[in-house]
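Quick note on the working numbering: the sequence shown kicks off at 3 and runs consecutively.
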Amino acid sequence: MKLRELILYSRGTGFMDNKSVQILFTDKQYQDLEKKAAKAGLTVPLYIKGIVLENDEFSLAYAKLIKKVDALPSGTRFTIRSLFGTEWTMGRGIKLSLGKTYYNQVEKKTINNVNAEGKDSSNVMWYVKL
Numbered sequence: 003m004k005l006r007e008l009i010l011y012s013r014g015t016g017f018m019d020n021k022s023v024q025i026l027f028t029d030k031q032y033q034d035l036e037k038k039a040a041k042a043g044l045t046v047p048l049y050i051k052g053i054v055l056e057n058d059e060f061s062l063a064y065a066k067l068i069k070k071v072d073a074l075p076s077g078t079r080f081t082i083r084s085l086f087g088t089e090w091t092m093g094r095g096i097k098l099s100l101g102k103t104y105y106n107q108v109e110k111k112t113i114n115n116v117n118a119e120g121k122d123s124s125n126v127m128w129y130v131k132l
């Protein structure tokens, strides 16, 4: 069954004209999605969104972030913003989602080649490549 066939309804949330979609999965389907999402280093909703929308802005930025981190030498300290440099032009929501998703995946050890070091006085999270 395709994901689009499982969509039950869509409704406006009143928040910046975004829409909310509810999808029902069996336990087995959801477990499979969790495994695939974890392998991609994403949450289940972000994984599904990336599949349905194919090349949405978040998915492209997240994939780029993973590649940039993988290219760093061990011991390098970095912030997500510093990795993107002049490419750090996406919307605020995308930036916040990138930071939150990446941090959560590092903390859960889904991403296991990086440690979160903590935030600086500007509330920016620092990481170190292992």
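Using N, Cα and C, we set each Cβ at its ideal position, and we do this for glycine too.
Since the structure is predicted, the reported quantities are computational estimates derived from the model, not experimental observations.
If we count Cβ pairs, one from each stretch, closer than 8 Å, do we get three or more for the segment 45-56 versus the segment 73-92? no
Taking the C-alpha atoms as reference points, what is the distance between Ser-22 and Leu-55? Here residue 22 refers to the residue found at position 20 when the sequence shown is read from its first residue. Here residue 55 refers to the residue found at position 53 when the sequence shown is read from its first residue. Between Ser-22 and Leu-55, the C-alpha separation is close to 14 Å.
I'd like to know whether the C-beta atoms of Tyr-64 and Thr-91 end up nearer to each other than 8 Å. The residue given as residue 64 occupies position 62 in the sequence shown. The residue given as residue 91 occupies position 89 in the sequence shown. No, these two residues do not count as a Cβ contact at 8 Å.
Paired residues, beta bridge with Lys-51 - DSSP: Numbered from 1 along the sequence shown, position 49 holds the residue referred to as residue 51. According to DSSP, Lys-51 bridges with nothing at all.
Label Val-116 either buried or exposed according to how many other C-beta atoms from any shown protein chain fall within 10 Å of its C-beta, with 16 as the threshold for buried. In the sequence shown, residue 116 corresponds to position 114, counting from 1. Burial call: buried.
How far does the beta strand (DSSP E) with Ile-96 in it reach, from first residue to last? By 1-based counting over the sequence shown, the position of residue 96 is 94. In the DSSP assignment, Ile-96 falls outside any beta strand (DSSP E) and within the unbroken alpha helix (DSSP H) covering 94-109.
Can the beta-carbon of Phe-60 be found closer than 8 Å to that of Ser-99? For the purposes of this step, residue 60 is identified with residue 58 of the sequence shown, where counting begins at 1. For the purposes of this step, residue 99 is identified with residue 97 of the sequence shown, where counting begins at 1. Going by C-beta atoms, Phe-60 is nearer than 8 Å to Ser-99.
Check Glu-119 in the structure and name its three-state DSSP category. Looking up residue 119 in the sequence shown gives position 117. Here Glu-119 sits in strand by DSSP.
Comparing alpha-carbon positions, which option in Met-127, Tyr-129, Lys-110 lies nearest Lys-207? Within the shown structure, residues of the chain are numbered from 3 to 132, placing residue 207 beyond reach of any answer.
Select from Tyr-105, Leu-67, Asn-20, Tyr-129 the residue whose C-alpha is nearest the C-alpha of Glu-89. On the sequence shown, residue 89 is found 87 positions in, with the first residue counted as 1. Closest by alpha carbon: Leu-67.
Does Val-126 pass the burial test, meaning 16 or more other C-beta atoms within 10 Å, or should it be called exposed? As a working note, residue 126 is residue 124 in the sequence shown. When all chains shown are included, Val-126 counts as exposed.
Taking Ser-22 as part of the beta strand (DSSP E), name the residues at either end of that continuous run. Locating residue 22 in the sequence shown gives position 20, counting from the first residue. From DSSP, the beta strand (DSSP E) with Ser-22 extends over 21-25.
Is Gly-101 closer than 8 Å to Ile-82 when the C-beta atoms are compared? To locate residue 82, count along the sequence shown from 1; it is residue 80. To locate residue 101, count along the sequence shown from 1; it is residue 99. Yes. Within cutoff.
Does Val-194 come out as helix, strand or coil in the three-state DSSP assignment? No statement about residue 194 is possible, as the shown extent of the chain runs from 3 to 132 and does not include it.
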